[in-house]
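Structure first, then comments.
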Amino acid sequence: MTSHSFAELLSRIRIERPLIHHITNAVTINDCANVTLCIGAAPVMAEAPEEVREMVAMADALVLNIGTLSRRQVGAMLSAGREANACDIPVILDPVGAGATRMRTESARMLLDALHIAVVKGNAGEVGVLAGADAQVRGVDFSSIGGDPVTVARAFAEDAGITVVISGATDIVTDGKRVLLVDNGHEMMGRLSGTGCMAASLAGAFAAVAGDYVVSSAAALAAFGIAGEKAAALASGPYSFRTALFDELASLIPDDIVRDARVRLL
Amino acid sequence: MTSHSFAELLSRIRIERPLIHHITNAVTINDCANVTLCIGAAPVMAEAPEEVREMVAMADALVLNIGTLSRRQVGAMLSAGREANACDIPVILDPVGAGATRMRTESARMLLDALHIAVVKGNAGEVGVLAGADAQVRGVDFSSIGGDPVTVARAFAEDAGITVVISGATDIVTDGKRVLLVDNGHEMMGRLSGTGCMAASLAGAFAAVAGDYVVSSAAALAAFGIAGEKAAALASGPYSFRTALFDELASLIPDDIVRDARVRLL
Amino acid sequence: MTSHSFAELLSRIRIERPLIHHITNAVTINDCANVTLCIGAAPVMAEAPEEVREMVAMADALVLNIGTLSRRQVGAMLSAGREANACDIPVILDPVGAGATRMRTESARMLLDALHIAVVKGNAGEVGVLAGADAQVRGVDFSSIGGDPVTVARAFAEDAGITVVISGATDIVTDGKRVLLVDNGHEMMGRLSGTGCMAASLAGAFAAVAGDYVVSSAAALAAFGIAGEKAAALASGPYSFRTALFDELASLIPDDIVRDARVRLL
Numbered sequence: 006m007t008s009h010s011f012a013e014l015l016s017r018i019r020i021e022r023p024l025i026h027h028i029t030n031a032v033t034i035n036d037c038a039n040v041t042l043c044i045g046a047a048p049v050m051a052e053a054p055e056e057v058r059e060m061v062a063m064a065d066a067l068v069l070n071i072g073t074l075s076r077r078q079v080g081a082m083l084s085a086g087r088e089a090n091a092c093d094i095p096v097i098l099d100p101v102g103a104g105a106t107r108m109r110t111e112s113a114r115m116l117l118d119a120l121h122i123a124v125v126k127g128n129a130g131e132v133g134v135l136a137g138a139d140a141q142v143r144g145v146d147f148s149s150i151g152g153d154p155v156t157v158a159r160a161f162a163e164d165a166g167i168t169v170v171i172s173g174a175t176d177i178v179t180d181g182k183r184v185l186l187v188d189n190g191h192e193m194m195g196r197l198s199g200t201g202c203m204a205a206s207l208a209g210a211f212a213a214v215a216g217d218y219v220v221s222s223a224a225a226l227a228a229f230g231i232a233g234e235k236a237a238a239l240a241s242g243p244y245s246f247r248t249a250l251f252d253e254l255a256s257l258i259p260d261d262i263v264r265d266a267r268v269r270l271l
Numbered sequence: 006m007t008s009h010s011f012a013e014l015l016s017r018i019r020i021e022r023p024l025i026h027h028i029t030n031a032v033t034i035n036d037c038a039n040v041t042l043c044i045g046a047a048p049v050m051a052e053a054p055e056e057v058r059e060m061v062a063m064a065d066a067l068v069l070n071i072g073t074l075s076r077r078q079v080g081a082m083l084s085a086g087r088e089a090n091a092c093d094i095p096v097i098l099d100p101v102g103a104g105a106t107r108m109r110t111e112s113a114r115m116l117l118d119a120l121h122i123a124v125v126k127g128n129a130g131e132v133g134v135l136a137g138a139d140a141q142v143r144g145v146d147f148s149s150i151g152g153d154p155v156t157v158a159r160a161f162a163e164d165a166g167i168t169v170v171i172s173g174a175t176d177i178v179t180d181g182k183r184v185l186l187v188d189n190g191h192e193m194m195g196r197l198s199g200t201g202c203m204a205a206s207l208a209g210a211f212a213a214v215a216g217d218y219v220v221s222s223a224a225a226l227a228a229f230g231i232a233g234e235k236a237a238a239l240a241s242g243p244y245s246f247r248t249a250l251f252d253e254l255a256s257l258i259p260d261d262i263v264r265d266a267r268v269r270l271l
Numbered sequence: 006m007t008s009h010s011f012a013e014l015l016s017r018i019r020i021e022r023p024l025i026h027h028i029t030n031a032v033t034i035n036d037c038a039n040v041t042l043c044i045g046a047a048p049v050m051a052e053a054p055e056e057v058r059e060m061v062a063m064a065d066a067l068v069l070n071i072g073t074l075s076r077r078q079v080g081a082m083l084s085a086g087r088e089a090n091a092c093d094i095p096v097i098l099d100p101v102g103a104g105a106t107r108m109r110t111e112s113a114r115m116l117l118d119a120l121h122i123a124v125v126k127g128n129a130g131e132v133g134v135l136a137g138a139d140a141q142v143r144g145v146d147f148s149s150i151g152g153d154p155v156t157v158a159r160a161f162a163e164d165a166g167i168t169v170v171i172s173g174a175t176d177i178v179t180d181g182k183r184v185l186l187v188d189n190g191h192e193m194m195g196r197l198s199g200t201g202c203m204a205a206s207l208a209g210a211f212a213a214v215a216g217d218y219v220v221s222s223a224a225a226l227a228a229f230g231i232a233g234e235k236a237a238a239l240a241s242g243p244y245s246f247r248t249a250l251f252d253e254l255a256s257l258i259p260d261d262i263v264r265d266a267r268v269r270l271l
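Those sequence lines, one after another, are chains A, B and C. The working numbering applies: residue 6 is where the first sequence begins, and numbers increase by one. The working numbering applies: residue 6 is where the second sequence begins, and numbers increase by one. The working numbering applies: residue 6 is where the third sequence begins, and numbers increase by one.
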């Protein structure tokens, strides 16, 4: 679990060009498609109940994001997820706004119960709510958790048998046994809509070429954070930052990860 | 009602970070989220009938935009709007394309009848149609009105007991008694999709921290227009303008408004 | 059929400002609106079954794109298309992902059967599938065709009585009799989500002011390709390319097309 193992996954994405099927929100769907292309994978967005199983059967990972969920869309997530499990491709769940409304909390819990999820990625409040901890969520970007997020994440990962990612200034990645802390990133990323969703797309792209989802999730977050650091140096506000962020992701090379990843094993 | 009162509202947004719930169109939903973040508020987009009331209950303003309406979405707007009224938070209505199709005209009228709307913001044709004036709308961006828009806006505002905003080269803001004219802005704003929708999001953010919706609407339009003027100086086309517009909104400070707002009391 | 005839169409778009009604996918809907504005036309997006016929009746072209289709949306496409046929305005079909799932293939075939389509624009695999050729499609951006694409496109165009466009490094445009090859463009366009959809929007804008859809489609692709070539010279990655691409489209003048179009009659 060195920077070389993270860098190696970026090389594999560029060579294998995995297909990442998304069922995602309307706000950031374009960002998710473009971030997937920039990292070197291929995005496809499809959520008609009639076609999701066929599309999943071609895909290398499935990303489920409940940011603008509907009852119909959650149904499509369930079918797509079952097919992904049958095909043995990783399913990434981004429980956007879990804790803000009952529908979001219950939909995320239902997907966690019904599917074999590889990675859950959320902010501290969203993950805290799903973990049953004392947590607060207002809308989709304000959240807090009572207690230590590492302890909450580790217990949740162990109980659920999944990899848990809590995004933040320092990202936490754990499967209940190992805990990796990713220090890459820049505060500018929090000033732009969709960076959380983009992180989930990248987690999908890296998981698609990996066997170990702790390593692939940390690699995705390190790669994204490094691109964010480079972009911030070029930006004069959130939108010039956005332009630079996508450009930097597209030009990121494995050596950047070897040199710049700041990932610690706790 | 001086530039200082407009600038003061920007300070309050930055401090209070109000949550702005949007039920909006698919075309510019990302722009609306990012413009809300750039001004310093927090966006949330949610339109599932099962969750809108809960989300509204956390929010500080509600923005309804019918740009890509569906029957289901209009139903969600109605429930969300009723909850917003019960919670006494301002509701902003952007009647995109009212007059172009019966469904848009009738949906906008129904929302105006059923809800206590704080601010209606549209172009001259859209507002003219809702006011019962002689008006023409083709698609969502060509419209004209027979008669004087100030007279139409004033009568409509007085009859309906709302604040009416007609966007244009000079924006009109009136509650039927006071009429403010906002001269800020740049013609580049008309060459970019979504600037009308962004103006409604900003009107929501400013209304969330204000008691007087004539003042808050004028402040929102002045702030947006000032950012547009600054951005136009940096742009070589509509998309470099877009990048600069969001950057300038994010870096706008109250002193910019004090210095550059061009708002006249008629 | 010289560069002057292509350039002339750009002038007409700028003068007539045709209204282009889109029923399109959620991923690139904003790109399509902005590309339509940049070329000088007016976009409108509307897909509620209750309003599509009224909106089409105001429009000068209709663009149907199945990139994130639903059963309901395909129904709206059918009604809108019938109205477009009754109004005698051109219908452009972008069969995104045809061949990837049965629903996409069947929906595209149904629209081709039920409507008088003016132009079908897809990649080699999508068009190959609809033409009944041996073709492969994975997701929405990987596709290949067995046999010579010109032969496939020509036979399909002749059989169906439509203009067929296959996008690629060299674009193919044919009505079964004439075959035009468009060499403009840049590989950067393939690294950005939505360039295929934008090409269909431009094909709609050019068709709206033309009688000959072979000429208008080639003009659209040449204009887009020229803007792409200019933009690539300014870009340091896919997103700075995107900014430049829209800016260049907006500043494109007929003389650029006269000078830079690389269109060959086969």
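The beta carbon of each residue, even a glycine, is placed where N, CA and C say it ideally should be.
- In the structure shown, valine 79 of chain A falls within a helical segment according to DSSP collapsed to helix, strand and coil.
- Closest by C-alpha distance to arginine 143 of chain C, out of C:Ala103, C:Met108 and C:Arg114, is C:Ala103.
- Under the criterion of beta carbons closer than 8 Å, leucine 42 of chain A and serine 198 of chain C qualify as touching, at roughly 6 Å.
- Taking a C-beta distance under 9 Å as the contact criterion, glycine 86 of chain B and alanine 53 of chain B do not qualify as a contact pair.
- Per DSSP, the beta-bridge partners of lysine 126 of chain B are B:Val170.
- Under DSSP, alanine 66 of chain B shares a beta bridge with B:Ile25.
- Residue contact with chain C for valine 101 of chain A: absent (no Cβ-Cβ distance below 9 Å to any residue of chain C).
- In this structure alanine 140 of chain C does not touch phenylalanine 161 of chain C by the C-beta definition: roughly 11 Å separates them, more than the 8 Å allowed.
- Aspartate 146 of chain C is not a Cβ neighbour of asparagine 35 of chain A, given a cutoff of 9 Å.
- Looking at B:Ala266, B:Asp265, B:Arg267 and B:Asp252, the one whose alpha-carbon comes closest to that of glycine 45 of chain B is B:Asp252.
- Counting along the chain, the unbroken beta strand (DSSP E) around serine 148 of chain A starts and ends at 147–150.
- Residue state for isoleucine 177 of chain C is assigned as strand, using DSSP reduced to three classes.
- Residues are counted here when their Cβ sits less than 9 Å from a Cβ of chain B; for the region 231–262 of chain A these are Ala240, Ser241, Gly242, Pro243, Tyr244, Ser245, Phe246, Arg247 and Thr248, given in chain order.
- Not a single C-beta of chain A is nearer than 9 Å to the C-beta of alanine 266 of chain B.
- Secondary structure note for isoleucine 231 of chain C: its alpha helix (DSSP H) is the uninterrupted segment 218–237.
- Residue environment for glycine 80 of chain C: exposed (fewer than 16 other C-beta atoms within 10 angstroms of its C-beta).
- For isoleucine 97 of chain B, the beta-bridge partners assigned by DSSP are B:Val68 and B:Val124.
- Leucine 42 of chain A has a beta carbon lying within less than 9 Å of a beta carbon in chain C.
- Within chain A, the residues whose beta carbon sits less than 7 Å from that of methionine 60 of chain B are Ala105 and Thr106, listed in sequence order.
- For leucine 226 of chain A and serine 206 of chain B, the gap between their C-alpha atoms comes out near 31 Å.
- Taking asparagine 70 of chain C as reference, the option from C:Ala228, C:Met203 and C:Ser221 with the minimal CA-CA separation is C:Met203.
- In the structure shown, the three-state DSSP call for proline 48 of chain B is strand.
- Here the alpha carbons of isoleucine 171 of chain C and glycine 151 of chain C stand approximately 14 Å from one another.
- When CB distances to chain B are screened at a threshold of 7 Å, the residues of the region 133–153 of chain A falling below it are Arg143, Gly144, Val145, Asp146 and Phe147, in chain order.
- Here the alpha carbons of threonine 73 of chain C and proline 100 of chain C stand approximately 11 Å from one another.
- By the Cβ-count criterion, alanine 238 of chain A is exposed, with fewer than 16 other Cβ atoms from all chains shown falling within 10 Å of its own Cβ.
- Judged by beta-carbon spacing, tyrosine 218 of chain B lies beyond the 9 Å limit of valine 134 of chain B, meaning their Cβ atoms are not closer than that value.
- Neighbourhood of valine 32 of chain B in chain C, by CB distance below 7 Å: Ile34, Asn35, Ala38 and Met50, in chain order.
- If you compare the alpha carbons of A:Leu98, A:Ile25, A:Lys235 and A:Gly173 with that of valine 61 of chain A, the shortest gap goes to A:Ile25.
- Among the residues of chain A, those whose CB is under 7 Å from the CB of leucine 24 of chain B are Arg143 and Gly144, following chain order.
- Against chain C, the CB of arginine 19 of chain B has no partner CB under 9 Å away; the residue lies outside that interface.
- For leucine 116 of chain A, the closest C-alpha among the options A:Ala138, A:Gly130, A:Ser84 and A:Gly127 is that of A:Ser84.
- In the pairwise beta carbon analysis, the region 182–200 of chain C is classified as not touching the region 14–28 of chain C: fewer than three pairs are separated by under 8 Å.
- Against leucine 197 of chain A, the close residues of chain B are Asn39 and Leu42, in the order they occur along the chain (beta-carbon pairs closer than 8 Å).
- Within chain B, no residue has its CB atom less than 8 Å from the CB of arginine 114 of chain A, the nearest being about 15 Å off.
- Within the region 66–92 of chain A, the residues whose Cβ lies closer than 8 Å to some Cβ of chain B are Gly72, Thr73, Leu74, Ser75 and Arg76, listed in chain order.
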